[in-house]
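*Asks:*
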Amino acid sequence: METWSVEQVCSWLVEKNLGELVHRFQEEEVSGAALLALNDRMVQQLVKKIGHQAVLMDLIKKYKQNTQGLKSPENPKEAALVMQTEAAREDEESSSPASHGERMPSFYPAENLDNGLIDQRVLKQRRNVKHILARSKALQWTKSYVLPEFPYDVKCMLAEQKCPDHSMRIRIIEFLQADMTKYLEGSLYPSTQQYNDVVNALLQAHPFLDEDGCGFFLWKRALKDRFKYVRRPIEDDEQVIRNKCKFGHRRGQKRKSLADIRFDEIKLVQIKEEAVCFDSELDEHIKWFQQEYVKTEKDWREIDKRMSQTLEIRRKMIGSRTPLKDILKLFPFLKCPYQIFREFQLLTRTDIYKKTRHILESYSENILTSFSVVDNPINILLQEKMKHYTDEDMLKYMKLTATCLLLPDVFGDDPSLFVIMNEQVQVSTPVLEVKNPFNMEVCEFSLYLERERLTKVDDCVTALAALVAAFHVFGIECPRRLSQTFNFLETLIFDMHSPYFPSLKEKEKEVGFQLPVT
Numbered sequence: 005m006e007t008w009s010v011e012q013v014c015s016w017l018v019e020k021n022l023g024e025l026v027h028r029f030q031e032e033e034v035s036g037a038a039l040l041a042l043n044d045r046m047v048q049q050l051v052k053k054i055g056h057q058a059v060l061m062d063l064i065k066k067y068k069q070n071t072q073g074l075k076s077p078e079n080p081k082e083a084a085l086v087m088q089t090e091a092a093r094e095d096e097e098s099s100s101p102a103s104h105g106e107r108m109p110s111f112y113p114a115e116n117l118d119n120g121l122i123d124q125r126v127l128k129q130r131r132n133v134k135h136i137l138a139r140s141k142a143l144q145w146t147k148s149y150v151l152p153e154f155p156y157d158v159k160c161m162l163a164e165q166k167c168p169d170h171s172m173r174i175r176i177i178e179f180l181q182a183d184m185t186k187y188l189e190g191s192l193y194p195s196t197q198q199y200n201d202v203v204n205a206l207l208q209a210h211p212f213l214d215e216d217g218c219g220f221f222l223w224k225r226a227l228k229d230r231f232k233y234v235r236r237p238i239e240d241d242e243q244v245i246r247n248k249c250k251f252g253h254r255r256g257q258k259r260k261s262l263a264d265i266r267f268d269e270i271k272l273v274q275i276k277e278e279a280v281c282f283d284s285e286l287d288e289h290i291k292w293f294q295q296e297y298v299k300t301e302k303d304w305r306e307i308d309k310r311m312s313q314t315l316e317i318r319r320k321m322i323g324s325r326t327p328l329k330d331i332l333k334l335f336p337f338l339k340c341p342y343q344i345f346r347e348f349q350l351l352t353r354t355d356i357y358k359k360t361r362h363i364l365e366s367y368s369e370n371i372l373t374s375f376s377v378v379d380n381p382i383n384i385l386l387q388e389k390m391k392h393y394t395d396e397d398m399l400k401y402m403k404l405t406a407t408c409l410l411l412p413d414v415f416g417d418d419p420s421l422f423v424i425m426n427e428q429v430q431v432s433t434p435v436l437e438v439k440n441p442f443n444m445e446v447c448e449f450s451l452y453l454e455r456e457r458l459t460k461v462d463d464c465v466t467a468l469a470a471l472v473a474a475f476h477v478f479g480i481e482c483p484r485r486l487s488q489t490f491n492f493l494e495t496l497i498f499d500m501h502s503p504y505f506p507s508l509k510e511k512e513k514e515v516g517f518q519l520p521v522t
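Offset between the sequence shown (1-based) and the working numbering: plus 4.
(1) Along the chain, which unbroken stretches of the alpha helix (DSSP H) at least 4 residues long are found entirely within the region 448–504?
(2) Pop quiz: L1 and T407 are said to be a contact at Cβ under 8 Å. What is the actual Cβ separation, rounded to whole angstroms?
(3) With T466 and K339 assumed to form a contact (beta carbons below 8 Å), what rounded beta-carbon distance in angstroms separates them?
(4) How many angstroms separate the CA atom of P155 from the CA atom of R175?
(5) On a CA-only basis, which of E396, M402, M61, V423 is nearest L385? Give me that one, please.
(6) Only counting the same chain, and skipping five residues up and downstream in sequence, which positions put a Cβ closer than 6 Å to that of S15?
(7) Taking Cβ positions, are L468 and V435 nearer each other than 9 Å?
(8) Using 8 Å as the threshold, is the region 411–425 in touch with the region 167–183, meaning 3 or more CB pairs across them?
(9) With H, G and I counted as helix, E and B as strand and the rest as coil, what does DSSP make of K439?
(10) By how many angstroms is the C-alpha of M398 removed from the C-alpha of S286?
(11) Identify the continuous alpha helix (DSSP H) that holds M321 and give its terminal residues.
(12) Output the distance between the C-alpha atoms of T405 and G416, rounded to the nearest integer angstrom.
(13) Among V150, M311, L188, H27, which has the Cα closest to the Cα of L206?
(14) Check whether the region 355–364 touches the region 388–398, counting contact only when three or more Cβ pairs, one atom from each stretch, lie closer than 8 Å.
(15) Alpha carbon to alpha carbon, how far is D330 from E448?
(16) Mind checking whether L180 and V234 have CB atoms under 9 Å apart?
(17) Near L162, which residues of its chain fall below 6 Å by C-beta distance, leaving aside the five closest residues on each side in sequence?
(18) Along the beta strand (DSSP E) that carries M5, what are the first and last residues, could you check?
(19) Taking its Cβ as the centre, do 16 or more other Cβ atoms sit within 10 Å of D499, making it buried, or is it exposed?
(20) Tell me the rounded alpha-carbon separation between L453 and F475.
(21) Can you grab the Cα-Cα spacing for the pair Q12 / D44, in whole Å?
(22) Give the C-beta separation of L22 and V59 to the nearest angstrom, bearing in mind that I take them to be a contact with Cβ-Cβ under 8 Å.
(23) Just to confirm, is the Cβ distance from R455 to Q430 under 9 Å?
(24) Label P113 either buried or exposed according to how many other C-beta atoms from any shown protein chain fall within 10 Å of its C-beta, with 16 as the threshold for buried.
(25) So, is N383 buried or exposed, given that buried needs 16 or more other C-beta atoms within 10 angstroms?
(26) Inspect the beta-carbon positions of L25 and L50 and report whether they are closer than 9 Å.
(27) By Cβ distance, which residues of its chain are closer than 7 Å to T7, with the 5 residues on each side in sequence left out?
(28) Beta-carbon within less than 8 Å of V10's beta-carbon, same chain only, minus the 5 sequence neighbours each way: which residues are those?
(29) Give every residue of the same chain whose Cβ lies closer than 7 Å to the Cβ of M321, excluding the five residues on either side of it in the sequence, and list them in chain order.
(30) What does the alpha-carbon distance come out to for the pair S312 and F348?
(31) From the DSSP secondary-structure annotation, give me the bridge partner or partners of K424.
(32) Give me the Cβ distance between L496 and P412, rounded to the nearest whole Å; I'm assuming they're in contact under 8 Å.
(33) Can the beta-carbon of P152 be found less than 9 Å from the beta-carbon of D201?
(34) Ends of the alpha helix (DSSP H) at P341?
(35) Kindly indicate which three-state DSSP category V444 falls into: helix, strand or coil?
(36) Measure the Cβ-Cβ separation of C464 and L409 and say whether it is below 9 Å.
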């Protein structure tokens with residue numbers, strides 16, 4: 005097969021009932037050598053249908069096994085037999101005179117040469133044993149895997165063969181991730197083959213999820229992102245850091261050199277020395293802040309003055325990644341929405357509250373009538389509540405609140421990173437919590453940071469402005485799954501013509517509305 009031409013490969017495909025692939029293989033000029041060099045990723049790009057992918061990979065693997073003279077174990081019993089053989093050999097060695105100090109020849113033939121090197125046949129035999137054990141373990145995982153029992157609403161959607169929306173996709177991915185973790189005995193690091201097995205099982209059970217032949221890559225990418233999200237809270241764990249140092253950092257990251265580490269240490273020392281210069285003056289401000297914060301009547305003019313005087317050292321602390329809990333202890337007035345807005349204005353020269361109100365008032369009608377949120381539970385609840393009120397101010401308040409809550413759904417982002425309704429906060433980035441959103445008397449908005457309540461606000465405008473400002477004030481990077489929503493907000497807040505705005509317009513057309521020109 006290694007010497008086959010493209011025509012011979014095509015003839016072989018016809019013999020194996022894979023004639024549909026001939027045209028594609030001719031386009032890509034797949035010869036015999038190229039055929040044997042194909043891996044899983046290449047086959048997925050070359051062949052669209054999952055059934056053809058499986059048959060082709062199986063044929064290639066069988067040919068390689070026959071040519072190498074190796075027969076992979078068909079069940080775990082054969083792998084266990086290999087392990088028992090190895091254990092027996094170790095027992096023979098331990099009971100031999102070598103265990104009493106006498107040197108005996110190794111079990112492997114010609115292992116110990118005169119020059120101290122290991123015979124290549126021994127290395128090959130060891131690699132073959134490892135290959136057999138690893139393949140047996142992978143086959144055992146694949147054969148024992150079945151799709152999890154999905155919730156009732158997901159099963160109904162799958163039974164009706166409806167294309168899932170964003171929230172339903174997230175639910176399916178969450179259940180698959182939890183099920184994989186169970187099969188992996190708690191591990192959060194599946195292999196590429198295990199990702200492929202799970203996604204193949206999903207698409208074989210529900211073929212309509214394979215959208216335009218690209219479903220495999222979309223679902224696999226979503227599943228990988230879910231595992232990354234679950235692993236995020238443990239990235240700073242001591243054992244995880246040790247493993248990263250041992251096995252290398254993730255793709256795209258570079259391990260710091262000793263010079264870089266030394267530079268970071270010197271930078272921290274410089275920051276501490278600069279802080280010492282302001283030590284006496286800073287201590288006075290901090291004590292005053294802590295005393296004033298507990299007072300019922302506060303001197304806001306003096307607070308503004310002292311917050312301005314300590315702005316530089318505060319920005320250096322945030323820039324050097326000082327824990328936010330420590331910063332909030334030193335400057336407790338950063339928990340107040342007014343001070344968050346003022347700090348944002350000092351940094352950007354922008355009145356974020358005024359801008360946010362203008363955004364919600366200008367775009368509420370277009371957002372609420374977008375087809376992507378027509379069937380959203382929040383929009384349905386809004387329409388029901390509006391039937392019981394005639395007061396214009398009340399109706400306007402309810403529409404602005406619904407607009408704020410629906411923003412991430414309109415732009416296809418993850419709502420759980422933006423606002424949490426009547427649930428426990430699980431994310432560490434800034435997020436809003438809302439209770440009774442359409443009841444003006446008991447409605448409650450809260451801003452959370454690192455899973456702890458930072459401040460409580462009165463209405464949706466203040467809440468949304470505080471959320472956007474918190475990312476800038478505390479130097480927090482916006483989550484990737486919330487980027488479209490924040491691109492939209494920041495473009496209007498800063499009156500920018502950013503390079504992302506054209507794609508944003510395309511997104512607006514995609515979700516079914518055109519934003520008015522301001």
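Every residue, glycine too, gets a C-beta built ideally from N, C-alpha and C.
Only a predicted model underlies this, so the values are computations on that prediction, with no experimental measurement involved.
*Replies:* Judging by the given coordinates:
(1) Contiguous alpha helix (DSSP H) elements confined to the region 448–504 occur at 464–477, 487–497, taking only those with 4 or more residues.
(2) Since the first residue shown for the chain is 5 and the last is 522, residue 1 is missing from the structure and cannot be characterised.
(3) The C-beta separation of T466 from K339 comes to about 14 Å, leaving the pair out of contact by the 8 Å criterion.
(4) 9 Å
(5) M402
(6) none
(7) no
(8) yes
(9) strand
(10) First, the residue type needs correcting, since residue 286 is Leu and not Ser in the sequence shown. One C-alpha to the other measures close to 46 Å.
(11) The continuous alpha helix (DSSP H) containing M321 extends over residues 315–323.
(12) 19 Å
(13) V150
(14) Contact fails: fewer than three Cβ-Cβ distances are below 8 Å.
(15) 27 Å
(16) Result no, Cβ atoms of L180 and V234 do not sit closer than 9 Å.
(17) Around L162, the same chain offers H210 as residues with beta carbons nearer than 6 Å, after the five sequence neighbours per side are excluded.
(18) No beta strand (DSSP E) contains M5, which DSSP labels as neither H nor E.
(19) exposed
(20) 10 Å
(21) 22 Å
(22) At roughly 7 Å, the Cβ-Cβ gap stays under 8 Å, so L22 and V59 are in contact.
(23) yes
(24) Low confidence applies to P113: its pLDDT is 45, below 50, so where it sits in the model is not reliable enough to give any reading.
(25) buried
(26) yes
(27) G36
(28) Taking V10 as the centre and dropping the five residues before and after it, the same chain places the C-beta of F29, Q30, E33, V34, S35 closer than 8 Å to its C-beta, in chain order.
(29) I331
(30) Going from the Cα of S312 to the Cα of F348 covers about 12 Å.
(31) Sequence inspection shows Ile at residue 424; the Lys mentioned does not correspond to that position. E437.
(32) Between P412 and L496 the Cβ distance is about 16 Å, and since that is not below 8 Å, they are no contact.
(33) no
(34) 341–352
(35) First, the residue type needs correcting, since residue 444 is Met and not Val in the sequence shown. In this structure, M444 counts as coil in the three-state DSSP scheme.
(36) Result yes, Cβ atoms of C464 and L409 sit closer than 9 Å.
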